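Here is the structure we will look at, set down as structure tokens.
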Amino acid sequence: MSDYQTAISDLQRLDSQCYDTPLTADQWSQVTSSRDYRVQAGYDKSGSLISYFVGRVQREGDGDCLKLLRLGVSPGVRRRGVCRQLLTEISNINCELELRETNLPGLQAAVKCGFEVVGLHRGRFSDCDGVLLYRKAQ
Numbered sequence: 001m002s003d004y005q006t007a008i009s010d011l012q013r014l015d016s017q018c019y020d021t022p023l024t025a026d027q028w029s030q031v032t033s034s035r036d037y038r039v040q041a042g043y044d045k046s047g048s049l050i051s052y053f054v055g056r057v058q059r060e061g062d063g064d065c066l067k068l069l070r071l072g073v074s075p076g077v078r079r080r081g082v083c084r085q086l087l088t089e090i091s092n093i094n095c096e097l098e099l100r101e102t103n104l105p106g107l108q109a110a111v112k113c114g115f116e117v118v119g120l121h122r123g124r125f126s127d128c129d130g131v132l133l134y135r136k137a138q
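Going by my numbering, the sequence shown opens with residue 1, and the numbers climb by one from there.
In structure tokens, the structure reads:
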């Protein structure tokens with residue numbers, strides 16, 4: 001197996017630990033090969049994948065904006081600042097993300113990293129009341 005295939009397999013495995021509906025191998029291949037997407041992975045000192053994010057670059061009138069589509073942290077290292085570190089690493093660009101109102105760790109990390117609430121979507125998902133839209137502008 002190539003390094004690329006191993007990386008996709010590792011991302012897919014972690015994604016399945018973080019989401020009820022993980023991305024398929026074809027979807028991972030699409031986001032890692034398209035210039036419209038940005039994928040960043042985080043590794044521990046032993047080289048094990050512990051975090052990642054997937055974002056789509058959106059062209060806007062005032063510049064590009066990275067819309068975070070997925071962000072995952074390995075269950076074994078949660079609540080240790082890994083998510084905050086990922087969000088801090090992308091602080092040099094305009095960025096937005098959506099978080100379920102019930103995702104308290106995610107909400108706290110977003111605020112600590114300078115994201116501000118700019119909207120609320122009701123009824124977007126059947127299993128939660130609402131989704132908050134956060135944005136961080138430069």
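C-beta: ideal position from N, C-alpha, C; glycine also.
Just so it is clear, the structure is predicted and the values come from calculations on it, not from any experiment.
Original post:
In terms of alpha-carbon separation, which member of THR21, TYR19 and ILE50 lies closest to ALA7?
Top reply: ILE50
Original post:
Considering only C-alpha positions, which residue in the set ILE93, LEU97 and ASP10 is nearest to ASP64?
Top reply: ILE93
Subject >> Cβ contact (3+ pairs, closer than 8 Å) linking the region 54-61 and the region 108-120 >> reply: The region 54-61 and the region 108-120 do not touch, with fewer than 3 CB-CB distances between them shorter than 8 Å.
**OP:** Compute the beta-carbon to beta-carbon distance between LEU132 and GLY72, rounded to the nearest angstrom, for a pair I have assumed lies under 8 Å.
**Re:** The Cβ separation is near 19 Å, so there is no contact.
Original post:
According to the Cβ coordinates, are CYS192 and LYS136 closer than 8 Å?
Top reply: There is simply no residue 192 to check, as the chain begins at 1 and stops at 138 in what is shown.
**OP:** Please work out which residues of its chain come closer than 7 Å, Cβ to Cβ, to TRP28, disregarding the five sequence neighbours upstream and downstream, and give them in chain order.
**Re:** Answer for TRP28: ILE8, LEU11 and GLN12, listed in chain order.
Original post:
Which word fits LEU23, buried or exposed, when buried means at least 16 other C-beta atoms lie within 10 angstroms of its C-beta?
Top reply: buried
Original post:
Is any heavy atom in the ligand COA found nearer than 7 Å to the beta carbon of ASN94?
Top reply: Here there are no bound small molecules, and the ligand COA is not part of this structure.
**OP:** Put TYR19 into one of helix, strand or coil per three-state DSSP.
**Re:** Taken through DSSP and simplified to helix, strand or coil, TYR19 comes out as coil.
Subject >> Neighbourhood of ARG35 by C-beta, 7 Å cutoff - its chain only, sequence neighbours within 5 removed >> reply: none
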